[in-house]
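A short write-up of the structure that comes next.
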Amino acid sequence: MATELAMLFCHAGCEVKVALLDNGHEWVSESAIRQISGSAPLSAAHRPGWFFAQQAFDLAIAIAPASLTQQLLQARLTSDPIIEFILQKSPTLWLLQEPAQIPADSEDADAQLIFRALPAQPHQLSPFYQQVFAECIAWLAARRKLNRKTFALNYQIPEALKVIANTRPAWLARFDRALQSCGLGLASEGSEADLIISAYDGPQFDADNRLVFVEPALPERAAHRNGALFIVFVAPEIDLTALTADKNLLLVQRRNNALHVADSHGIRVIPDLTGQCCYTRFCSQLITHLSRATHGREQHA
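The sequence shown maps to residues 3 to 303 in this note's numbering.
Quick look at the structure:
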């Protein structure tokens, strides 16, 4: 059934290469793979010509790897030459795995690993593969739209609070992972970012040395490139409706297992649902915003 997923990509015009892990060459027909992909598979017993090429892949998909193989992929250990090849040639790896084998903290794992749970019944595999195919194509399209856009994520804890709270919270790791998973790159130090995020939404010390929640300081836009998008997180204790957002400044509030996002059109709520991470969906909206801004600048030029 896994060949069905390969056929979907081939019919869409993608160049597909197949690697057989966990002694797959002993039970998978090489001739069937040749008919689908047009080339021999990579296996422990055979190194086809494309194995030695300098070609990189846009993404890789591993279907139900053995437990040990998955651990090697997650840890990025390269004791197996096929695993080493996959990790070197593909920036992102989708792992289609049995639900019991998916780590509980998969949302906080490496941003280049994307887990999807295989269905329990064989008759559900076909629609599942179609869904994965659609997700991958959308992901590739988003990367093309972004055209190497970068983000800067700033979580600046007040100096006086670092003694008791000097760690990045779990939600920030989820957000960081979602940003990188959607194709945004982390801006290098000293470079201009397309997306500038001020994520600290905790308390501050006032003049009387009391912990209080205050309205966030808005960014100095003149110091950044024209057209940059700014995201500012706001403490839940602050009235979001009293603040002003615009097309290049989004205000975000974490409240009631959801994100409340204020823009020039008003406030939208993005709930955090099982299987639908609110940070992933928010990042999807940011991609749309960034791609529209780029298109608008190109049209103006």
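Glycine included, C-beta positions come from ideal geometry on N, C-alpha and C.
Within the segment 60 to 101, the complete alpha helix (DSSP H) segments at least 4 residues long are 69 to 77, 83 to 91, listed from N- to C-terminus. Scanning its chain for C-beta atoms nearer than 8 Å, with the 5 sequence neighbours on each side dropped, one finds around ALA167 the residues ILE159, GLY204, in chain order.
Selection PHE284, SER33, TRP173 evaluated against TYR157 yields TRP173 as nearest (Cα-Cα).
For PHE117, the enclosing beta strand (DSSP E) begins and ends at 115 to 119.
For GLN255, there is no enclosing alpha helix (DSSP H); the enclosing beta strand (DSSP E) has its first and last residue at 251 to 256.
Excluding the 5 residues flanking it on each side, MET9 has same chain C-beta neighbours closer than 6 Å at ILE38, in chain order. Residue pairing by DSSP places PRO273 opposite ALA260 in a beta bridge. The beta-carbon separation of PHE135 and PHE11, rounded to 7 Å, stays under the 8 Å limit for a contact.
For ILE199, the enclosing beta strand (DSSP E) begins and ends at 197 to 200.
Between ASN258 and SER31, the alpha-carbon positions lie close to 52 Å from each other. By the CB criterion at 8 Å, GLU100 and ALA68 fall outside the cutoff. Within the segment 161 to 208, complete alpha helix (DSSP H) segments of at least 4 residues are found at 172 to 183, given in chain order. Excluding five sequence positions before and after ARG145, the CB atoms of its chain that fall closer than 7 Å to its own CB belong to GLY185, given in chain order. Judged by DSSP secondary structure, THR152 falls within the beta strand (DSSP E) whose first and last residues are 152 to 156.
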